[in-house]
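Asker: Per this note's numbering, residue 7 is the first one in the sequence shown, and the count goes up by one each step.
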Amino acid sequence: FSRIFSKWLSKPLVLTEETTPEECKAMMDEIGRKYGKVPKETSDRDALLYYEFAPSISRAAHRVEATKHMTGGCKNRISDQMNRWAQGKAVAQKMKQDNPEIKASP
Numbered sequence: 007f008s009r010i011f012s013k014w015l016s017k018p019l020v021l022t023e024e025t026t027p028e029e030c031k032a033m034m035d036e037i038g039r040k041y042g043k044v045p046k047e048t049s050d051r052d053a054l055l056y057y058e059f060a061p062s063i064s065r066a067a068h069r070v071e072a073t074k075h076m077t078g079g080c081k082n083r084i085s086d087q088m089n090r091w092a093q094g095k096a097v098a099q100k101m102k103q104d105n106p107e108i109k110a111s112p
């Protein structure tokens, strides 16, 4: 059933290594529509792209990382991703404060 309707439904935009330039442009257009403008600084733009379009981290991935952390395993990658997400959130909040016409999203 879902295969029939999947032709007409658009795929959600997700930022990955395989993201095409067309998808990246669509992401930037979406940011421009949502925030009124796109940040000029590359670091802010990248952080906002990651905040809005990064793939979600599953509960299983969180559990695996927690187990590795408890047993003294490899570097915790999720904390790096959360730091990038937090940086993007800060940029988003700053842009919302700069543009009062933007409605606060939940």
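Even for Gly, the Cβ is constructed at its ideal location relative to N, Cα and C.
Starting from residue 49, follow the alpha helix (DSSP H) in both directions and report where the run begins and ends.
Answerer: What you label residue 49 is simply residue 43 of the sequence shown in a count that begins at 1. Taken as a continuous stretch (DSSP letters only), the alpha helix (DSSP H) holding residue 49 covers 48–59.
Asker: Would you check if the segment 94–110 and the segment 64–74 touch, i.e. whether three or more CB-CB distances between them fall below 8 Å?
Answerer: With a cut-off of 8 Å, the segment 94–110 and the segment 64–74 do not count as touching, because too few Cβ pairs lie within range.
Asker: To the nearest angstrom, how far is it from the Cα of residue 90 to the Cα of residue 22?
Answerer: In the sequence shown, residue 90 corresponds to position 84, counting from 1. In the sequence shown, residue 22 corresponds to position 16, counting from 1. Taking the straight line from one Cα to the other gives about 14 Å.
Asker: Alpha helix (DSSP H) containing residue 27: first to last residue?
Answerer: Translated into the one-based positions of the sequence shown, residue 27 becomes position 21. Looking at the DSSP string, the run of the alpha helix (DSSP H) that includes residue 27 is 27–41.
Asker: Name the two residues that bound the continuous alpha helix (DSSP H) containing residue 70.
Answerer: For the purposes of this step, residue 70 is identified with residue 64 of the sequence shown, where counting begins at 1. Note, residue 70: alpha helix (DSSP H), 65–76.
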